[in-house]
Structures are given as C-alpha cells and as structure tokens.
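**Q** Quick note: the sequence shown uses full-length UniProt numbering, first residue 1, plus one each step.
C-beta atoms are modelled at their ideal positions from N, C-alpha and C, and glycine is treated no differently.
The model shown is predicted, which means the values in this text are computed figures rather than measured ones.
Structure below; questions to follow.
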Amino acid sequence: MIVALKTIDGIKLSSGSQGPQKLTCRLTEDKELPRMRLDKFHVTEIPVPATTGTEKTAFSPGKHQQRGMPFWQKAVILLCVGSMLLFSLTLMMDAESASQWSGGLSALSSKLDSMAPMPVIPEDDPTCVSRTQQNLYRRQDRQLTMPTALGETWKRYAELHRSCSLGKSKNWTDVFVKQANGGCNYLLFIEGGAGLGNRILSLTSALLYALATDRVLLVDSRKILPSLLCEPFANSSWLLPDDFPYSEVEQAQALGRAKELNWNVSLVNLHLEHLQSGGDQQFFCDDTHFHLRKVPWLAWTSTQYYVTKLFMIPSFWRRLTPLFNSGPDAFTYISRLLILPNNDLWAHIVRVYWGYLSSSGLRLGLQIRLHGRGDLAAFDPAVKDRIMDCLTSNRALPTMQEGDGSNVTQLSALYPRKYLAMRRHQAPADTVVFIASLQQRYQEELMKMFDRQANVDNSIIRVHMVSHSGRQDNSVDQSHNALVEMWLLSFSDVIATSAYSTFGYIAQGLGGLTPYILNIRGENVTGDGKASCLVGQSSQPCTHYPMKPACESLNITESHQAWMDGHIRECQDQPGGLQLGTYPVPLEGR
C-alpha cells in the first residue's frame, strides 16, 4: 500500500510494501511562462522506507512520527524546492525576455518539424571533394537534379575520354605528330589571355561542343585553368604535356582556308574571338560541321561564350535539348560538372563560408566591376549610391533611418537579441553582404553606413570580402581568389551583378540565380538616365557577340524556330547579345 500526503503543493512522499524505491524529481513546464507559480512544478515518486501495516505514514498531519524522516530524503526535498525557486526567480526577473525565449523555442521547434531531412551525402571523391559537396551549401530549391539523359551522356562521354586517352596521356606529342588517333577525334582548348570569367565561359562552350560531337577535350597545362580546376573525367586526364607542339596549333589552317582546301587537313584552328572573319563565322553554319567530322584535330581559340549560338544550329539543337530539359539551364548544369575547384580552393571556399557567411538569415551577393571606363577597380560614390538604391528599392536591404532618435529606437529593439543569439534561436546577423570587387572602398563605405546608422527593420548587417587587389592582372593568385569569389557568390540567396560582367555571369549561372543587373557600366552613371538596376530575365550568361554568318542553308524547322522564340532573347545588358532562358512567346510568334 502506498500512502501519499501533500505537505507542499506539488510534492508527494510515498512508501510502499516493496521496500525503498528510487527517488525521482521532475520539472514540467506550464503554458503560463514566464509567470511561473511554484505549484506548476511537480516532484513525483519520492519514496520512504517500507512500513508495516501498524506503522504510521511519514508526515501524517497532526501526528508525531516515531521514526523521523531520513536525512537523504530531506536533502532531496530541499534540493528540488530550491531548484524550483531559483528557476522561478530567474524567469520573473525578466518576464518579457523569458516570454520571447519561450516563443522562440516554440517557433524553433515548429521550424525543425517542417524542415526537410538532411540530404544524403554521397561518398566524397578524394581527388575532387567539391564534386560531391557543392550542393551542401545551396538552398534545396537550387540543388538541380541532373536530367537522366545528361547523366547517361556524361558517363558515356567520360568512358570515351578514358578509352581515347588510354596509354596516351604521357605521350600526346607523338600521338599528334604521328596522327596515331586510333579512330578518335580531339578538341584542343587554347586558353586565351582575358579575365577568368571569359576563360571559363569559353571552356564551357568548348566542352558542350565536344560533348555534342564526341571529341575528346584536352587543355593546355601551361595555363591558369588547369591549376584551379579538378580533372572532370574519372580515370582520365585532360592535360596536354608542356612539350606539346603548340606552335603548330597556332599556325594551323583557319576554318575558311580549310574549306578552300576541301577539308583535306588534319588540324583546323577555330578562331572564335569577338572579332571573326567571314570564314571563321562559318563555324555557326550547320553544313560546316558535316565536313569537320573528317578533321581529327580541332583547336578552340576563344575567350567568348557560344552556348546560346550552339542551340541555334539545327543539328546541335536536336542533340542538346534532350540533355538539358529543353535547354534553358544548360550553363548551370555544365558548370557544376566542369568548373569544380580543386581541393585547395574548395577548402578556402568552405572556410570563408563557415567563418563569415553561414551565420545569417540572408546571404546577399554583390559583384562590382566597372566596365566601360579606364579603371575597372575605381571607386565612384555615384556607383555606391546606385547600388544602394537598387538593393533598397527591391527590398534586398532595408533603408536607413534618419533622425536623432533612431539609434535609441534600434537599441531598444535589439535588446532581446542577446537571449535569442545566446540560445541560437536567431543568427548573429540578419543579412551578410558578400562583396566581390577589385576595390575595397565599396566594402568600407557600406560597413560605415550599416554600423553608424540605424535601419527601418532594425536589422544587423555584416559585410565581407575575400580580396581587393586594386587592379586586374590575371595572375594565378588573383584567379584563385576570383574562382573562390564566384563560388561563394553562387551560394547567395539574392545576387546583384554588374552589367556586361562575365565574372557575374559565372556566379549567377553556377547558382541558378536570376540577378539584379546593376547599371554601373560607363564613365558617367549619374547622367545616363537609366534605372539603378534591372530585374534579370534569366540566370544564364549572355553571348555578347553572336555571329550572323551567311550560311548556304539554315535548315531551321518550325519546331526549332518555335523553341528559339521561347528560349532565346536579347540580353538586357548588351544590345545585340543573346541569352538562353524561358520566355513568354509574343502573340505574333504563336
């Protein structure tokens, strides 16, 4: 038999016939936080030694207990009561803060319940960790699933690359000189001397061409890109040796001359720069590629982006659209397969991400490059003002408060943050602005503004940069930092990029982010009459200089034309440029 007498509200003492039982003390939380009452906490199952039927129960009211309560029971009771009193007093000292804490806890619990499960992390490739880890740093809605057709084609192409490279990777010079191709065709990527953005865009164009024509892509190991990127194909190398006869490649016949020679050549150098001769432009005619099949070696000499134009060539359109769910996100898919930072760069990217960008509610990427003026790295106050106007008018950043009392108002509003931050219910910063620019003063000016002025949302805003070299020199170190910045920008929730900037195109394309396009191109941004920025129409890069060759036959079918009407449009930041995307078809085009 168990006898329990309630001597203090919420405390029960019990004894039973089975001998002494384990003492337990339990606190339960009531909905009336923070106004706690002592009787809202319960101590249960405090046993006393077993008694016989004739013995009196401990603490019988009005009776004297012959055998007093053991000391250990008294100590436990005092400990429980003391703990309840201390906890209640702590809550009552700051009822408002405790209420917010309790509400924050409920909100956090609800948020955790609604969160998607952690993604399954594939086994890391030790030779290229970024290949398997990159999606861990993107929002779930931007973790694109590779189309089945693209995945199968990529595996088949990797096997082609391996079989055509087997036993040759250390002897490419002999293979080239002796024309010992073994039935394989090759595409040599000749890296140009422009900025990193142009080089990467050209490389992705070359890869897509190689993928569509079954040519084994090989790159110049003396240049910068191979020192930054992983090998893209398993069990195969794309690197040419240092002693490869590059001079023969540079002196090879151009496309127009090869046509005059009735394609009776073993190597054609494709000059695909922004300025091209009429013969070079024949590359964008469908019938040209029928003849190029007979040429075992092609050299891709370019610093331009031509993925958009490849989709306008009928035979390539038929081959490529099934791989990319009709095509509008082609660069995003290809770049995530190809533009993979090597392990050293990836470690740099991850450290910056966790050290400076992860602890915020919103990540805002800001890429600043002043095209159309002599100094790409200049600081212009008008540019800073235009950037802020763009970001505040589109609610990417809050507007600043004016008036003497704004700081006091914000201090009062920020007071509860210490409790939420300490308990990890709120990030230390509401927004982190990550800036990629050659000029540090943009960071300094934004930091000064956010640190010294209150804003209408009472937000805490942090500003960070990786590098600020002050000028563009295309060195290995600057290219290293540039690729780090491109990837970090691609992890943004919101991104604003500079008009005409290939650097910005890489970041937005990698992330699948539709940008705000900053109108900061040209010497005078105050008198150009333009809006501070445009809402981008697509995440894909702009083909700045699409060629319009005089082809013998266009062979454009109605279905191909209808596809182009819905997926290719003039760029917003470059008149005459072309951009892939998904666009509404004009009524006259239906």
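With a threshold of 8 Å, are at least 3 pairs of Cβ atoms found where one atom belongs to the segment 149-169 and the other to the segment 517-535?
**A** Between the segment 149-169 and the segment 517-535 there are fewer than three inter-stretch CB-CB distances shorter than 8 Å, so the stretches are not counted as touching.
**Q** Would you identify the three-state DSSP class for His567, choosing helix, strand or coil?
**A** Secondary structure of His567 (DSSP, three-state): helix.
**Q** Cβ of Asp329 within 9 Å of Cβ of Leu144?
**A** yes
**Q** Looking at the unbroken alpha helix (DSSP H) that takes in Ile506, where does it start and where does it end?
**A** Thr502 to Gly511
**Q** Opposite Met465 in the DSSP bridges: which residues?
**A** When DSSP reads this structure, Met465 sits in a beta bridge with Ile435.
**Q** Hey, quick one: how far does the beta strand (DSSP E) through Ser498 stretch, first residue to last?
**A** Val494 to Ser498
**Q** Any idea what DSSP makes of Ser358, helix, strand or coil?
**A** coil
**Q** Using beta-carbon positions only, say whether Asp286 and Asn519 come within less than 9 Å of one another.
**A** no
**Q** Would you kindly check if the distance between the Cβ of Ile368 and the Cβ of Ile460 is under 9 Å?
**A** no
**Q** To the nearest angstrom, report how far apart Ala496 and Val219 are at their CA atoms.
**A** 32 Å
**Q** What's the gap between the Cα of Arg462 and the Cα of Ser492?
**A** The straight-line gap from Cα to Cα measures roughly 14 Å.
**Q** Check whether the segment 270-279 and the segment 469-489 touch, using three or more Cβ-Cβ pairs below 8 Å as the test.
**A** no
**Q** Phe41 to Thr431, Cα distance in whole Å?
**A** Because Phe41 sits at a pLDDT of 41, beneath the cut-off of 50, its placement in the model cannot be relied upon, and the following sentence gives the value as read from the coordinates. Between Phe41 and Thr431, the C-alpha separation is close to 40 Å.
**Q** From His567 to Gly577, what does the alpha carbon distance come to, in whole angstroms?
**A** 14 Å
**Q** Ignore the nearest five residues each way along the sequence and tell me which others in Trp172's own chain have a CB closer than 8 Å to its CB.
**A** Leu218, Leu240, Pro241 and Phe244
**Q** Between Leu362 and chain B, is any beta-carbon pair separated by less than 9 Å?
**A** Checking the listed chains, one finds no chain B in this structure; it contains a single protein chain.
**Q** Can you list, in chain order, the residues of its chain whose CB lies under 6 Å from that of Ser437, leaving out five sequence neighbours each side?
**A** Ile368
**Q** Using only CA atoms, which one of Leu298, Pro126 and Val585 lies nearest to Asn343?
**A** Answer by Cα proximity: Pro126.
**Q** Need the endpoints of the alpha helix (DSSP H) that Leu578 sits in, please.
**A** Leu578 -> not in any alpha helix (DSSP H); beta strand (DSSP E) instead, spanning Leu578 to Leu580.
**Q** Pick out whichever of Ser538, Pro546 and Cys542 has its Cα sitting closest to the Cα of Pro584.
**A** The candidate whose alpha carbon is nearest that of Pro584 is Ser538.
**Q** Less than 9 Å between the beta carbons of Ala258 and Ala299, yes or no?
**A** no
**Q** Given that a residue counts as buried once 16 or more other Cβ atoms are within 10 Å of its Cβ, and exposed if not, what is residue 602?
**A** For residue 602 there is no data in the structure shown, the boundaries of the chain being 1 and 590.
**Q** Given that a residue counts as buried once 16 or more other Cβ atoms are within 10 Å of its Cβ, and exposed if not, what is Arg351?
**A** exposed
**Q** Relative to the ligand PLP, is the shortest distance from any of its heavy atoms to the C-beta of Glu231 smaller than 8 Å?
**A** The model depicted lacks the ligand PLP and carries no ligand whatsoever.
**Q** For Ile224, which residues in the same chain have their Cβ closer than 8 Å to its Cβ, ignoring the five residues on either side in sequence?
**A** Glu191, Leu196, Arg199, Asn474, Val476 and Ser479
**Q** Please classify Gly511 as buried or exposed, where buried requires at least 16 other C-beta atoms within 10 Å of its C-beta.
**A** buried
**Q** Would DSSP call Gly256 helix, strand or coil?
**A** helix
**Q** Do you know whose CA, among Ser165, Arg222 and His464, lies nearest Ser358's CA?
**A** His464
**Q** Taking only three categories from DSSP, how would you classify Cys390?
**A** helix
**Q** Compare the beta carbon distance of Thr543 and Gln508 with 9 Å and say whether it is the shorter of the two.
**A** no
**Q** Taking DSSP as the reference, what is the three-state secondary structure of Ile368?
**A** Here Ile368 carries a strand assignment [DSSP, helix/strand/coil].
**Q** Which residue wins for smallest C-alpha separation from Glu558, given the options Arg318, Lys178 and Asn181?
**A** If we check each option's Cα against that of Glu558, Arg318 comes out closest.
**Q** Decide if Pro575 is buried, meaning its Cβ has at least 16 other Cβ atoms within 10 Å, or exposed.
**A** exposed
**Q** Using only CA atoms, which one of Leu483, His161 and Pro341 lies nearest to Ser237?
**A** Measuring C-alpha to C-alpha distances from Ser237 to each of Leu483, His161 and Pro341 identifies His161 as the nearest.
**Q** Could you have a look at Met146 and say whether DSSP puts it in helix, strand or coil?
**A** In this structure, Met146 counts as coil in the three-state DSSP scheme.
**Q** Helix, strand or coil: which one does DSSP assign to Leu229?
**A** strand
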